[in-house]
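Asks:
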Ligand SMILES: [Zn+2]
């Protein structure tokens, strides 16, 4: 019987009588989400839903650019020229990769400009001027060109050495290469875009360090990075691998969030670290890579049959646009799988963070603040397909269920569900202050 009751409970068909909880988590969740008001909710939905179309358009643009490079004979021409001049295969592969990457970056620039600059400003998410943004694009493109071309040259060496089984060895090499990049990222890449400084001494920092140390995170300092240089939206992250792993918190979160929200978010990040998510993410992603490469292997053969477009076989760098187009298409189709892998880990970190920080209201506050760039209430299917994190509704609801049960169990002092009296997200307040028409949400403040 007890097992049955438990099974019913975890299926969401709560066997606990509603009266046993101090408040209704559903109503408390609604109250948190209502603080956004209709305007901010509509903006948030429009921004996030637009992202679905951008993913689709991005794939179409990539495939179109690859087709252009291929059909105009550019990749073949550059390969033939390099074979005559530099001759050595690794250089030929590197050169063709560099060329194809460069042309793609230039041709897709209008799309990147719209998505990364125009649209971000339209939604008040960017704090950058065009020169600032463009400068970062140049740095990013430069790194991408060099690192990407080195990687592709290595991949071509593997393809040439094992034409039929390269997709197995190539996947292993990709994981090792990605691991090396993740390892180097906090040390060599991130400082090119942001400055990381020790968090100001105080109670909040001591709290975060105590949470970290209590859970075996070898941290002696808390890092804050100047995310405000790019955007005002809040964030925090874990980066690095082995010895370079570190948790960093955005200055925007520190500035805009309550101390409770900061603790809740850091509890989540510590969860990623303690649960070894970087490793399990790499292992699961490796599975996705091997499937993708296997598809590339067989689809390439079918597409370029009979040396179409002058591509000799899969080891010919002139066929790189075909490989990139297949990877783009498979990547789009695999979006739900990739997102489920990520969301699986985010769900775990959410649960870990709530239990560690014990800040359900801070967690709900952060979830609402994240609505600036994430739709709060998707349909179940929409969440399954498109979401890298649990939806805002699910996160607030998890926090409210946790809070109600902890109060019921006597482990948390009694307090009502829902947001603190009069609490409104700061971005809603700012927009209302800027607009001439008074709104009910501000009037009650
Ligand atoms: Zn996370």
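Numbering (my numbering), first residue to last: 5 to 449. Each residue gets a CB set at the ideal place from its N, CA and C atoms; glycine is no exception. In this text, all values refer to a predicted model and were calculated from it rather than measured experimentally.
Does residue 202 come out as helix, strand or coil in the three-state DSSP assignment?
Replies: Residue numbering aside, residue 202 sits at position 198 when the chain shown is read from its first letter. In the structure shown, residue 202 sits in a strand (DSSP, three-state: E or B).
Asks: Can you find the residues in the same chain that come closer than 8 Å, C-beta to C-beta, to residue 395, ignoring five residues on each side of it along the sequence?
Replies: Reading the chain shown from its first residue, position 391 is the one you call residue 395. Answer for residue 395: 378, 379, 380, 381, 382 and 387, listed in chain order.
Asks: For ligand 1, I want to know if residue 363 counts as a neighbour, meaning its beta carbon is within less than 7 Å of at least one of the ligand's heavy atoms.
Replies: Looking up residue 363 in the chain shown gives position 359. No; taking the cut-off as 7 Å, the Cβ of residue 363 has no heavy atom of ligand 1 nearer than that.
Asks: Among 433, 420 and 408, which one has its Cα closest to the Cα of residue 24?
Replies: Start at 1 with the first residue of the chain shown, and residue 24 comes out as number 20. Minimum Cα distance to residue 24 is reached at 408.
Asks: Among the residues of its own chain, which have a CB less than 8 Å from the CB of residue 256, if the five just before and after it don't count?
Replies: On the chain shown, position 252 is the one that residue 256 refers to. Only 231, 232, 235, 236, 237, 238 and 239 meet the Cβ criterion.
Asks: Using CA atoms only, rank isn't needed, just tell me which of 67, 137, 248 and 219 is closest to residue 112.
Replies: Residue numbering aside, residue 112 sits at position 108 when the chain shown is read from its first letter. It is 67 whose Cα lies nearest to the Cα of residue 112.
Asks: So, residue 354 versus residue 402, is the Cβ gap smaller than 8 Å?
Replies: If you number the chain shown from 1, residue 354 lands on position 350. If you number the chain shown from 1, residue 402 lands on position 398. Yes, Cβ-Cβ distance for residue 354 and residue 402 is below 8 Å.
Asks: So residue 99 packs on residue 82, CB below 8 Å; how close in whole Å?
Replies: On the chain shown, residue 99 is found 95 positions in, with the first residue counted as 1. On the chain shown, residue 82 is found 78 positions in, with the first residue counted as 1. Between residue 82 and residue 99 the Cβ distance is about 7 Å, and since that is below 8 Å, they are a contact.
Asks: According to DSSP, which residues form a beta bridge with residue 253?
Replies: Locating residue 253 in the chain shown gives position 249, where the first residue counts as 1. Residue 253 is bridged to 228 and 240.
Asks: Answer yes or no: do residue 400 and residue 33 have a C-beta to C-beta separation smaller than 8 Å?
Replies: To locate residue 400, count along the chain shown from 1; it is residue 396. To locate residue 33, count along the chain shown from 1; it is residue 29. Yes; because the gap between Cβ atoms is below 8 Å, this pair is in contact.
Asks: Could you give the C-beta distance for residue 180 and residue 293, rounded to a whole number, given that I count them as a contact under 8 Å?
Replies: Taking the chain shown and counting its residues from 1, one reaches residue 180 at position 176. Taking the chain shown and counting its residues from 1, one reaches residue 293 at position 289. The pair is not a contact, with the Cβ atoms about 11 Å apart (cut-off 8 Å).
Asks: Specify, as a first and last residue, the run of the alpha helix (DSSP H) that residue 211 falls within.
Replies: One-based indexing of the chain shown puts residue 211 at position 207. Note, residue 211: alpha helix (DSSP H), 207-218.
Asks: Nearest to residue 69 by CA position, among 35, 105, 322 and 50, is which residue?
Replies: The residue you call residue 69 lines up with position 65 of the chain shown. Nearest option by C-alpha distance: 105.
Asks: Go ahead and pull the three-state DSSP assignment for residue 131.
Replies: On the chain shown, position 127 is the one that residue 131 refers to. Residue 131: coil per DSSP, three-state reduction.
Asks: Thinking just about the alpha-carbon of each residue, which of 153, 71, 121 and 204 is nearest to the one in residue 135?
Replies: Within the chain shown, residue 135 is the residue found at index 131, counting from 1. Closest option to residue 135, Cα to Cα, is 121.
Asks: Between residue 242 and residue 277, which are expected to be in contact by the criterion C-beta below 8 Å, what is the C-beta distance as a whole number of angstroms?
Replies: Numbered from 1 along the chain shown, position 238 holds the residue referred to as residue 242. Numbered from 1 along the chain shown, position 273 holds the residue referred to as residue 277. Yes, residue 242 and residue 277 are in contact; Cβ-Cβ is about 5 Å, under 8 Å.
Asks: Please give me, in chain order, every unbroken run of the alpha helix (DSSP H) with length at least 4 that falls completely inside the stretch 380-407.
Replies: You should have 384-390.
Asks: As a quick exercise: from 269, 159, 193 and 160, pick the residue whose alpha carbon is nearest that of residue 208.
Replies: In the chain shown, residue 208 corresponds to position 204, counting from 1. It is 269.
Asks: Does the stretch 338-348 come close enough to the stretch 245-253 to have 3 or more Cβ pairs within less than 8 Å?
Replies: The stretch 338-348, when compared against the stretch 245-253, does not touch it at the 8 Å Cβ threshold.
Asks: Can the beta-carbon of residue 360 be found less than 8 Å from the beta-carbon of residue 271?
Replies: Start at 1 with the first residue of the chain shown, and residue 360 comes out as number 356. Start at 1 with the first residue of the chain shown, and residue 271 comes out as number 267. Yes, these two residues count as a Cβ contact at 8 Å.
Asks: Starting from residue 378, trace the alpha helix (DSSP H) both ways and give me its first and last residue.
Replies: For the purposes of this step, residue 378 is identified with residue 374 of the chain shown, where counting begins at 1. Element bounds for residue 378: n/a, residue is neither H nor E.
Asks: Is it buried or exposed for residue 226, if we count other Cβ within 10 angstroms and need 16 for buried?
Replies: The residue you call residue 226 lines up with position 222 of the chain shown. Residue 226 comes out buried.
Asks: Give me the Cβ distance between residue 229 and residue 199, rounded to the nearest whole Å; I'm assuming they're in contact under 8 Å.
Replies: The residue labelled residue 229 in the question sits at position 225 within the chain shown. The residue labelled residue 199 in the question sits at position 195 within the chain shown. Residue 229 to residue 199, Cβ: 7 Å. Contact.
Asks: List the whole-angstrom C-beta distance separating residue 419 from residue 63, where the pair is believed to meet the contact cut-off of C-beta under 8 Å.
Replies: If you number the chain shown from 1, residue 419 lands on position 415. If you number the chain shown from 1, residue 63 lands on position 59. With 8 Å as the limit, residue 419 and residue 63 do not qualify as a contact, their Cβ atoms being about 47 Å apart.
Asks: Near residue 259, what residues of its chain come up, given a Cβ to Cβ distance below 8 Å and the 5 sequence neighbours on each side ignored?
Replies: Working through the chain shown from its first residue, we reach residue 259 at position 255. 232, listed in sequence order.
Asks: Once you ignore the five residues that flank residue 73 on each side, which residues in its own chain have a CB closer than 8 Å to its CB?
Replies: Counted from its first residue, the chain shown places residue 73 at position 69. Correct list, in chain order: 79, 104, 107, 108 and 325.
Asks: Around the C-beta of residue 175, are 16 or more other C-beta atoms found within 10 angstroms, so that it is buried, or is it exposed?
Replies: For the purposes of this step, residue 175 is taken as residue 171 along the chain shown, with counting starting at 1. By the neighbour-count rule (16 or more Cβ atoms within 10 Å), residue 175 is buried.
Asks: Name, in chain order, the residues that DSSP records as bridge partners for residue 235.
Replies: Working through the chain shown from its first residue, we reach residue 235 at position 231. Note: residue 235 sits in a beta bridge opposite 130.
Asks: Taking the alpha carbon of residue 358 as the reference point, which residue from 71, 266, 182 and 117 has its own alpha carbon closest?
Replies: Taking the first residue of the chain shown as position 1, residue 358 is located at position 354. Selected option, being the one with the closest Cα: 266.
Asks: Just to check my reading of the structure: residue 144 and residue 101 have Cβ atoms closer than 8 Å, yes? What is that Cβ distance to the nearest angstrom?
Replies: For the purposes of this step, residue 144 is identified with residue 140 of the chain shown, where counting begins at 1. For the purposes of this step, residue 101 is identified with residue 97 of the chain shown, where counting begins at 1. Their Cβ separation, rounded to whole angstroms, is 17 Å, which puts residue 144 and residue 101 out of contact at 8 Å.
Asks: Is residue 97 closer than 8 Å to residue 329 when the C-beta atoms are compared?
Replies: For the purposes of this step, residue 329 is taken as residue 325 along the chain shown, with counting starting at 1. For the purposes of this step, residue 97 is taken as residue 93 along the chain shown, with counting starting at 1. No, the pair does not count as a contact, with Cβ atoms beyond the cut-off.
Asks: From the DSSP output, in three-state form, read off residue 424 for me.
Replies: On the chain shown, residue 424 is found 420 positions in, with the first residue counted as 1. Coil.
Asks: With burial defined as no fewer than 16 other Cβ atoms inside 10 Å of the residue's Cβ, what is the status of residue 439: buried or exposed?
Replies: One-based indexing of the chain shown puts residue 439 at position 435. Exposed: under 16 other Cβ atoms inside 10 Å.
Asks: Return the residue from the list 170, 397, 94 and 77 that minimises the CA-CA distance to residue 298.
Replies: In the chain shown, residue 298 corresponds to position 294, counting from 1. The shortest Cα separation from residue 298 among 170, 397, 94 and 77 belongs to 170.
Asks: Can you pull every residue whose C-beta falls closer than 5 Å to some heavy atom of ligand 1, listed in chain order?
Replies: The filter returns 350 and 353, in chain order.
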